[in-house]
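As structure tokens, then:
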């Protein structure tokens, strides 16, 4: 497997505030929350706990009525303190007061050699009821996989190429055996001819965790972001056709599965990177899925007018300073808000500017030094306009997909067009860079999701 | 500058819903965003940061790329006047003479174009788009200096309404707006935009024959019309060029340099190439289109050489690249991203065919000595068709993948 897939297209956003390779593990969140909106494509959640209930890590909290066997379980042990609902009783979040010492719901424990004798029938119920199944995302659509489907392949991208993304090799140091066990388990639940692919960064050193995994096919990728996006890796390995299903899972999910079977517990602890120009100590912190971020950002900010982003600057979402980390996110990015008007000649649209841009139009000087780490704020740098410019999206989407035409097919409600232009192969994150570089400031990720939903519902 | 923004913000309630000037909200907004990049931030979902580019900056880059053509054009207006009357004028004299007539053209063009944009934005309640920054500059550059100002205004209004707004506004137009303006003038008022209208007399009007003080043998004809009439008369083209009334007026290098009669901004191939360099280096214009237009024109010129249908057809192909408005059209008209092909492959084909068609129209149809205008408009219409085939090819690849998988 020495052949490397080289991607020429893409764009690296280099920002100030990279995480130092140090792990802080003495901060414990007061509360954690499960937010149904974190699960894309979720139907109607049915809550199975009540306020005041005591739960263990791994106790079911709610399930989706359209896929009842998949449980969403508590990341920590403690008391359910609030079940927050919005209009029409829509479930907004479930808050759990976290114990200092986590008490785990007990699952069956196996030794490595016992794993080999397990069958799919033994494994599936455990995956589903423990809460680890939620890590399995299916393509097309980017939603939680349906356990009754048979995928043609499983993909794991072992590196994150997003801006300021955590280094998995550091974050999951010492978890080799769990990762291997997770892969072994996954092998058991899919047919013989279904490969598990590991997308590996060709430029990085051979990784301890992912370098010596058995039972998976390694594919090396080299290139700028989005080379680490699993969608891009699928496209260049085994592209998804209409009617096919591919499952994707992050390394974190594989490790969680490994821990479930080797340790017999649903371990939702997670090493996240807190990064960005406004963080005093950008480094790794040990926390839990859905943790409240307040304790982690306290005394850790350089300024107070900032935006907290659960996830990275391209695909993440804004949260409050006392908000909760998104379910799948492994990074908290903090950057300055950009809500200042800028005068046309000094730093507005005619002035020279070192603000980051892939473009080289009049006054934009960032192309002179692309490798420089920049501070970037949340300004839109302009207003929404009609689609005028052509050829920019294509520069940052390393797929044989015509992004502009796909977007226009969605806007025109052209179902046939969407299908034949590759809607099955993409999800929001694949269009995040297109959205970033867009001159017309359109919300492309939202448009892509709209298209996916149209196809799902048709 | 913060105080200025505060003053503006204080006026905002007047223009917002329920305010006294509610109807003019987008005019207010355009004014404010012209002076200040607005303080809007990204949504809570989707990208949290945005590239520093915006459409205003992009359009301004195109305008800046036109500046060399504009300055040269202004000088050339004075220079042609000096040549025709045998005057000695300094650089500054020529420049001021030209500016006196060209600047009003630009003002009228922007005023008329801006007016239509504003009216449509107010009626349709959408922000004012920046496209007219470019169109407003292009139109004067592709008209003769002697054109009546009202025609420039009218052409702008006609083109923006009929070529752009009826299709839904910026980003939706099929035809290049500036070329539509010129085509409108060409067919509606042919006597002011064709013939020997390129050189201005003292008052900025067309030089009528027999005017006192004219140089012996003066003719206001452009290189293209000289070539076209030589072609009909079966005379050697290069000989006809050499016999021009002013020595070396139509030598290759003078054609390249651009000190020749023609529309204000289109005469100089050199300046158009400088503009092309700005567009391509900044990534704003498509280098694919520019190169392929030139390649297409050279190729067709060469084919005509082989066929040698008439003496015009025998003109060396490289002359095709420097006469008329080919260079200006290739750089500033064909590259308009909205009306050109949208796909990378399509851009090569689109540009090449513009070049080919330009030369065909020039050589084969003596009624239209300049081919670039019609070639661009014609290919604008065909661009979606070219794209269609490129897109279909992409779809086919996906389909084949599916079929080949099912076969296994």
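Protein chains in written order, with the working numbering: chain A, 1 to 458; chain B, 1001 to 1408.
Backbone N, C-alpha and C define an ideal beta-carbon position, used for all residues, glycine too.
Asked	Found
Within 10 angstroms of the Cβ of residue 1348 of chain B, are there 16 or more other Cβ atoms? Answer buried if so, exposed if not.	buried
Flag residue 1180 of chain B as yes if its beta-carbon sits less than 8 Å from any beta-carbon of chain A, otherwise no.	no
With residue 1006 of chain B as the anchor, note down where its alpha helix (DSSP H) starts and where it stops.	1002-1015
Considering residue 179 of chain A, what are the terminal residues of the beta strand (DSSP E) in which it resides?	Per DSSP, residue 179 of chain A belongs to no beta strand (DSSP E); it is in the alpha helix (DSSP H), 176-189.
Closer than 7 Å by C-beta to residue 1069 of chain B: which residues in its own chain qualify, once you throw out the five before and the five after it? Chain order, please.	1141, 1265, 1268, 1271, 1272, 1275 and 1328
Kindly indicate which residue of A/439, A/376 and A/377 has the alpha-carbon position closest to the one of residue 404 of chain A.	A/439
For residue 1313 of chain B, name the three-state secondary structure that DSSP assigns.	coil
If you measure from the CB of residue 1094 of chain B, is any heavy atom of the ligand MG nearer than 7 Å?	Looking for the ligand MG in the displayed structure turns up nothing, as the structure carries no ligands at all.
Does DSSP classify residue 336 of chain A as helix, strand or coil?	strand
Is there a Cβ from chain B that is less than 8 Å from the Cβ of residue 374 of chain A?	no
On the three-state DSSP scale, how would you describe residue 1250 of chain B?	coil
With C-beta atoms as the reference, is residue 965 of chain B less than 8 Å away from residue 1132 of chain B?	This structure leaves residue 965 of chain B out entirely; chain B is present only between 1001 and 1408.
Excluding sequence positions up to five away, which residues of its chain have a Cβ less than 8 Å from the Cβ of residue 336 of chain A?	277, 278, 303, 305, 306, 307, 375, 377 and 378
Is the stretch 40-53 of chain A touching the stretch 82-99 of chain A, taking contact as three or more C-beta pairs under 8 Å?	yes
Name the two residues that bound the continuous beta strand (DSSP E) containing residue 1355 of chain B.	Segment 1344-1364 is the alpha helix (DSSP H) holding residue 1355 of chain B; no beta strand (DSSP E) there.
Taking Cβ-Cβ distances shorter than 7 Å, what residues in chain B pair up with residue 390 of chain A?	1337 and 1342
In three-state DSSP terms, what is residue 199 of chain A?	strand
Taking residue 315 of chain A as the reference, which of A/446, A/454 and A/101 has the closest Cα?	A/446
With DSSP collapsed to three states, give me the class of residue 1 of chain A.	With a pLDDT of only 46 at residue 1 of chain A, under 50, the local geometry of the prediction cannot be trusted, and the value read off the model is given with reservation. It is coil, neither helix nor strand.
For chain B, find out if any of its Cβ atoms is closer than 8 Å to the Cβ of residue 225 of chain A; answer yes or no.	no
Would you mind reading off the limits of the beta strand (DSSP E) that contains residue 347 of chain A?	Taken as a continuous stretch (DSSP letters only), residue 347 of chain A belongs to no beta strand (DSSP E), as it is neither H nor E.
Could you run through the stretch 309-326 of chain A and flag, in chain order, every residue whose CB is less than 7 Å away from some CB of chain B?	309, 313, 314, 316, 317 and 318
How far does the beta strand (DSSP E) with residue 307 of chain A in it reach, from first residue to last?	306-310
Where does residue 382 of chain A sit, in a helix, a strand or coil, going by DSSP?	coil
Any residues in the stretch 238-262 of chain A with a beta carbon nearer than 9 Å to a beta carbon of chain B? Which ones, in chain order?	239, 241, 242, 243 and 244
Using 8 Å as the threshold, is the C-beta distance between residue 103 of chain A and residue 57 of chain A below it?	yes
Would you mind working out which of A/330, A/191 and A/74 sits nearest residue 270 of chain A, comparing C-alpha positions?	A/330
Helix, strand or coil for residue 15 of chain A per DSSP?	strand
Please report the residue range of the beta strand (DSSP E) in which residue 153 of chain A lies.	153-157
Pick out whichever of B/1102, B/1306 and B/1321 has its Cα sitting closest to the Cα of residue 1292 of chain B.	B/1321
Is there a Cβ from chain B that is less than 8 Å from the Cβ of residue 355 of chain A?	yes
Any residues in the stretch 1143-1163 of chain B with a beta carbon nearer than 8 Å to a beta carbon of chain A? Which ones, in chain order?	none
Hey, would you say residue 195 of chain A sits closer than 8 Å to residue 153 of chain A, going by beta carbons?	yes
Within the 8 Å Cβ cut-off, does residue 1036 of chain B reach chain A?	yes
Distance check for residue 1088 of chain B and residue 1079 of chain B, CA to CA, integer angstroms please.	9 Å
Listed from N- to C-terminal order along the chain, which residues in the stretch 327-351 of chain A have their beta-carbon within a distance smaller than 8 Å of any beta-carbon of chain B?	333, 335, 337, 338, 339, 340, 341, 342, 343, 344, 346, 347, 348, 349 and 350
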